[in-house]
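Residue numbers (this note's numbering), protein chains in the order written: chain S, 1 to 358; chain L, 1 to 358; chain G, 1 to 358; chain V, 1 to 358.
We put the CB at the ideal spot given by N, CA and C, even for glycine.
See structure below.
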């Protein structure tokens, strides 16, 4: 257990950073969907390393192969297997760290869990695993778009103390992709870019937040009391590497408000029931209201920095070490497609659940 | 789907605010546990309304009945069914709101989901449902305590802008229960108490945050990549009524740090491997490290305030209404046992999962 | 795990023979169903003991209480909790067997599984648990009937060597209920009745088979490759107490045929595609074809007979014992509603699954 | 849903007969197992076509690739992905049947389920999918053998009316593999061989039964009431292509016995509690007793025969057709490893379940 998510739109991922390959099996994608493979690859290209000065130079094409579940370009309702072969796997560069527990990483805890670990590139804990999620999320995206007109857009909302001003009503992918920071506020983007470069020079790393909006989700998705829509989105987000926090709608800031101003009044907008404000973030009682779903995720600063670190090794000795190799100083730009995938997979699952029982 | 949680320690809840009763079925509780029914009831008494001036005067004994799964005071490994009968159900007091959609509540979204709703007291969306979780969490608590010596303590960390200073290392239930606010910082507690009373007089309501710590969780619990321990705790917390945010360890504040200071250095503490700091909040890569697990949840201000509100009704008319009846001005003190239950149920499940596959 | 079945129409049962009560929680029953409580009780009355000379005189009303999930007589889409209180629980009559392992019963294996058992009346292994399934199956029956016009009819097809001749095309519940044997072939029914009475006089017990047909199941239900419709029905049947075999369509007898005669030719019956024969039993490749689904289950002779038996006790001694008390000489008539419930629950689940993903 | 099985030892399969490849993801295999790849391939070679005169000449090497989850030859506790590429895929030979519904096949029902189907070679319904199960079952076999000393042996028990005499106590794989019929009774094997050759000459096909025994399963595996061990084995068997029946222990024949002779008396065999007979088939009340688990499965005659058949096509016309190509006249020899895999996967899952909760 642990490598699958979803009940009806169900995704199982496999693979380590440096084995033969990794991928996903997507069960439950409805049949008859004409899959746009170029669009799927475009989703993946946003996640892969080597996109520019701000991210790791590790070169991976992240070229997805579809092994099953398609016939004449359409989904057949049977499992869609997605495969990425590992091409640029320099496992030797990890030999220096194979016997020690890197702070901030999962080396120690994987050994505690399994008694064994594949130390190459983080093994299963590698961020590379997220390629499989993004691919599966891309399929979910196409189904949600084609069936419901849903769009999910994420963006970098902050890097360290630098906050962006972005409207969840209007932001679109074009604006997000305009800058390599994936921050659609040009002023903030410029400052973030400078800070990331400066921090890289210092051999240090940064954290920040990603915001996202889902527009067009019909009212009535979500399964209280445990599988509330926001609960499943929260789980999907917290399962992303380095994610340490989640909020929906007014979130933590909403705790400072009074009920009389926090409640979103209902009104009739033509024949649709809407709310005048959206502190709820598009979900009430665990079920979508039809308003935009707005969330934000916190990502800790990247654990692989290049300053000297203290730790212990398997032999029980205190040691110092310093990282080498290829690593992002700031994970935020590449985290955007991950957060989108987390939301997309959750929505696809709940869309099917709502179709089954209503 | 939606009324069950957990894979091995699995809880299914049922029941509405104003039906015959509500409860839970707990599957997977290991056999042979001597269940302390008084302690279980004590957990429940912390959740129930009518505890004092700060909470709603609705009188419910929340007396739990155990229908199955016990023999001679010990669990048998078979499902433990827990039942609460509804005693003080004045459904008439809800007649005035039965045809309108209360802002901040799930009236509208339940209708969107199911096409029908039990309007009495919020039906399934009632906070009363959480009695079942607290009872199930109480069983989890006893098993975790007896088997691993784990203790989970939650407390009110803030009400509106009032923040408490509390040490996750040392806080215990006695300190928490010292004040009806469930804030173990006496100075903050006094201020919170005053603010709650003042806000009640204004017919308004408050939000805030609950923090919690789990001490004694062994290293090695959690199932990456999707069922990371913090992901499952986040889901459990976000499934609580009114919860809008979650963070673990350094959380959102951690996004302001650099990697060089955020990483927690490992060291040997006798024969145990520990970390010098705990920005991770006790979980690395989705698996417990053996350090304290520290989390915080945001709760929005209570939706049922007593000022005039605008909304629409089923007939499509804009209407104004005002709540009557019995309601908390601040849910935080009663949210403490809910957050604890969310953590306890997640830990019990992952404890069994770790036992199965290692 | 183990006390739940189904993914979307999901049933969790709880309770032992001699605790406070037993019951079920039914999740996923679609909202808006007007539940006929009298019909539900009628389903239950077919299962309960004390129906006549052929069954145990233990008196239980098996009166079902519905605790939740109904509002104004209709299902709300939230969990439906069903409760039976235990009324006629003479646990003392089991004291003579509490320290020994009854052959054919689960005394020994429950101890091996859980290290503890509730010896009263078989505890969780009691056939009384099946009341919960029949009740849940009754809800499934009403939903399947109302939504799809599906009807499921079971009957006693054999007792020991006495076989009945029954047409799966035309048999109905009235014909089944005509005789206390639940065998709709009057001649066979008379012979069975005589054999059961004779065997009871000998202090011995009988086995036999139950056949059942599901008529009106739409083509297209079933989820290959693992959750084939017949696989899930087989599991549901084999989970019934005393069930030792299952076959669908031609079953074991079909292994004697050649492919050229076993294949069911398709033809057009008006605008419907049908098959001329039905050796498949209504399912091809794990998916319903629209033809009648026909199955048969084998039930071993009742383990509680009244002749002297050898066994061992917990102290490690070889002992002899003889049963006392109230027990059926032949479980077959009361097994009919159990087999129906097994089919009904499986169909309800797959009906929802088909609605979700197609 | 439908392409996964198991809760803790969980297998998801993917792939069609004629796509790029098929395979499985095995979650939950405990870490540290030294996987014998040659033994795994040997399991697979028993299933593949082209083994001799009795089976189809289609040439597939069924060479399994392991993509993940292994490090230095040992399992790491992370998902093990298994891949078979499709090599000998002559999809053209299926063009003649692509618009008609072959009797006995799933063409019609897949269209009813999904509205679309990959007609090449049966698509997902192809028996080729079972390679993935056998591979996964092979991993289960190695874990069960290494951890518990469990061995599972299947054999052809009958072909049409020809029955074999085989002792479940002593039969081993060597005896089974001695004949291409996989019947360890030499006399019966010779007769079966002759019958299969004769039937092939007639362009017809045969059915039969496979028996299997699991030896060494500890007492205490199985999760009543729904996940009884025999119920899960039955489901796994009925999910095999062409399987129409299942029985455990005395099965259908046991319905002719009296309780006084069917019950298996317990006795002490040294310090072990055993039964003198084994009509139960090694499972009581859904939980293993420590005795041999004995089951039998019925397989219908192969649907692809070479005589002229009537059917209808998508255009609504009655048509005749005749199969061409490469097909087994009798599936039984190749069904043996499938039945073994069904049992092995179920046992591995329940072994982990028993380890988690006891």
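In three-state DSSP terms, what is residue i?
| i | result |
| --- | --- |
| residue 205 of chain V | coil |
| residue 307 of chain V | coil |
| residue 260 of chain V | helix |
| residue 247 of chain V | strand |
| residue 221 of chain G | coil |
| residue 185 of chain G | coil |
| residue 285 of chain S | coil |
| residue 275 of chain G | strand |
| residue 63 of chain G | coil |
| residue 74 of chain S | strand |
| residue 162 of chain G | strand |
| residue 232 of chain S | helix |
| residue 320 of chain V | strand |
| residue 29 of chain G | coil |
| residue 129 of chain G | helix |
| residue 6 of chain V | coil |
| residue 111 of chain S | helix |
Leaving out the 5 sequence neighbours to the left and right, which residues in its chain are closer than 6 Å to residue i when beta-carbon positions are compared?
| i | result |
| --- | --- |
| residue 184 of chain V | 155, 166, 171, 175, 176 |
| residue 300 of chain S | 207, 242, 244 |
| residue 133 of chain L | 341 |
| residue 230 of chain V | 248, 283 |
| residue 297 of chain L | 210, 237, 243, 246, 339 |
| residue 290 of chain S | 219 |
| residue 335 of chain G | 210, 299 |
| residue 199 of chain V | 206, 329 |
Going by beta carbon distance, what residues of the same chain come within less than 7 Å of residue i, once the five residues before and after it are set aside?
| i | result |
| --- | --- |
| residue 201 of chain L | none |
| residue 234 of chain G | 246 |
| residue 285 of chain G | 224 |
| residue 203 of chain S | 305, 306, 307 |
Might you give, ordered along the chain, the residues of its own chain that have their beta carbon closer than 8 Å to the beta carbon of residue i, omitting 5 neighbours on each side?
| i | result |
| --- | --- |
| residue 73 of chain L | 34, 35 |
| residue 136 of chain L | 11, 13, 24, 26, 82, 341, 345 |
Would you tell me roughly how many angstroms separate the C-alpha atoms of residue i and residue j, rounded to the nearest one?
| i | j | result |
| --- | --- | --- |
| residue 67 of chain S | residue 220 of chain G | 25 Å |
| residue 169 of chain G | residue 278 of chain G | 11 Å |
| residue 306 of chain L | residue 163 of chain L | 26 Å |
| residue 103 of chain S | residue 314 of chain S | 14 Å |
| residue 22 of chain S | residue 329 of chain G | 58 Å |
| residue 180 of chain L | residue 106 of chain S | 40 Å |
| residue 87 of chain G | residue 182 of chain G | 27 Å |
| residue 85 of chain L | residue 158 of chain S | 49 Å |
| residue 38 of chain L | residue 310 of chain S | 48 Å |
| residue 108 of chain L | residue 140 of chain S | 27 Å |
Assuming the contact rule is C-beta atoms closer than 8 Å, residue i and residue j should be a hit. Round their C-beta distance to whole Å, please.
| i | j | result |
| --- | --- | --- |
| residue 246 of chain G | residue 295 of chain G | 7 Å |
| residue 8 of chain G | residue 256 of chain G | No, residue 8 of chain G and residue 256 of chain G are not in contact; Cβ-Cβ is about 38 Å, not under 8 Å. |
| residue 69 of chain G | residue 358 of chain V | About 33 Å; that fails the 8 Å criterion. |
| residue 264 of chain G | residue 280 of chain G | 6 Å |
### Message
Between the region 8 to 20 of chain S and the region 112 to 128 of chain S, can you find at least three pairs of beta-carbon atoms closer than 8 Å?
### Response
Result yes; three or more Cβ-Cβ pairs closer than 8 Å.
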